[in-house]
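Start counting the sequence shown at 108; every next residue gets the next number (the working numbering).
Just so it is clear, CB atoms sit at the ideal spot from N, CA and C, and this is done for glycine as well.
Comments concern the structure below.
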Amino acid sequence: MVAVLLALTLGTVMQPASAAAPATLQYGSTGADVPDLQYRLKTLGYFNEGLTSYYGGVTRHSVLLFQRDYGLKADGIAGPATWKMLKKVSVNRHELDLLARIIYGEARGEPYVGQVAVGAVVMNRVAHASFPDTVKDVIEQPRAFTAVDDGQYYMKPDTTAYKAALDAVRGYDPSGGALYYFNPDTATSSWIWSRKQIGKIGRHIFAV
108 MVAVLLALTL
118 GTVMQPASAA
128 APATLQYGST
138 GADVPDLQYR
148 LKTLGYFNEG
158 LTSYYGGVTR
168 HSVLLFQRDY
178 GLKADGIAGP
188 ATWKMLKKVS
198 VNRHELDLLA
208 RIIYGEARGE
218 PYVGQVAVGA
228 VVMNRVAHAS
238 FPDTVKDVIE
248 QPRAFTAVDD
258 GQYYMKPDTT
268 AYKAALDAVR
278 GYDPSGGALY
288 YFNPDTATSS
298 WIWSRKQIGK
308 IGRHIFAV
């Protein structure tokens, strides 16, 4: 886990993928979309090699495994359907950084499971129709997170925050599907108390 985490956060040099829709990739493909694909597969545990710009046999096999697990046509080709699902359930490197930053800003000092739960709330919002569909847009919604408003979001996250972010991306959700959380000792919104509470971890109450 430590080796994978370091590769995902510190030791990987990537060219940014195009802002346009990713190209359909298959065995023999090259370009900036390939390491983005590999990185997303790595965050989910499907790809365990160093990132490259070449779509080789290992990448194809990783795509096949992902496709089988997510009910997609298992052809080893990263086409529109595979990219759509992959972007729904994974993050790129920049998004993992953002997720680690919000976890560190909101939940450092909380038990590890509580830090993962904060990351899971972000991922739950990404998947929910009532919220934006990217990590960045969820985090940057006005007044959504105290750490963004007070500047703690811009602090450098520690390794634990990155590990918690990775666990949240991989589907570990100690929050039980929560879309909100708050500290009952400091919450000033009366609205948040109207949400259905489903659990408490550390100082945070989680709610839907």
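Cut-off 7 Å between Cβ atoms - residues of its own chain near residue i, not counting five sequence neighbours on either side
i	result
residue 272	203, 206, 207, 210 and 226
residue 284	231 and 315
residue 243	202 and 205
residue 161	137 and 141
residue 118	Summary for residue 118: the model assigns pLDDT 43, below 50, so the residue's position carries little reliability, and this model does not support an answer.
residue 248	239
Nearest-angstrom Cβ-Cβ length linking residue i and residue j, presumed shorter than 8 Å
i	j	result
residue 200	residue 183	That belief does not hold up - the Cβ atoms of residue 200 and residue 183 are roughly 23 Å apart, past 8 Å.
residue 313	residue 282	5 Å
residue 148	residue 196	About 11 Å separates the two Cβ atoms, so there is no contact after all.
residue 223	residue 276	The Cβ separation is near 10 Å, so there is no contact.
residue 286	residue 228	6 Å
residue 131	residue 186	5 Å
Own chain residues within Cβ distance below 6 Å of residue i, not counting five before or after
i	result
residue 165	156
residue 129	140 and 190
residue 133	184
residue 238	232 and 245
residue 113	Below a pLDDT of 50, predicted positions are generally treated as unreliable, and residue 113, at 49, falls in that range; no measurement from the model is reported.
residue 177	192
residue 181	171, 174 and 175
residue 291	312
residue 259	212
Spatial neighbours of residue i in its chain, beta-carbon cut-off 8 Å, leaving aside the 5 residues before and after
i	result
residue 145	154, 156, 158, 159, 166 and 169
residue 217	225, 308, 309, 310 and 311
residue 326	The displayed coordinates of the chain run from 108 to 315. Any statement about residue 326 would go beyond what the structure contains.
residue 279	223 and 227
residue 348	With the chain covering 108 to 315 only, the question about residue 348 has no answer from this structure.
Selected residue, minimal CA-CA separation from residue i, among the options
i	options	result
residue 301	315, 310, 309 and 258	315
residue 233	131, 295 and 192	192
residue 246	279, 270, 212 and 269	212
residue 255	237, 274, 214 and 175	214
residue 219	274, 236 and 181	274
residue 267	298, 221, 135 and 186	221
residue 304	288, 295, 296 and 294	288
residue 298	258, 250 and 280	250
residue 163	188, 135 and 143	135
Ordered list of alpha helix (DSSP H) runs contained in the region 183-247, each at least 4 residues: Listed in chain order, the complete alpha helix (DSSP H) runs (minimum 4 residues) inside the region 183-247 are 187-196, 200-214, 219-234 and 242-246.
Stretch pair the region 248-267 + the region 305-314: three plus CB contacts closer than 8 Å: no
Start-end ranges of the alpha helix (DSSP H) lying completely within the region 262-307, minimum 4 residues: Within the region 262-307, the complete alpha helix (DSSP H) runs of at least 4 residues are 266-276.
Secondary structure, alpha helix (DSSP H): runs of 4+ residues fully inside the region 145-185: Correct list: 164-176.
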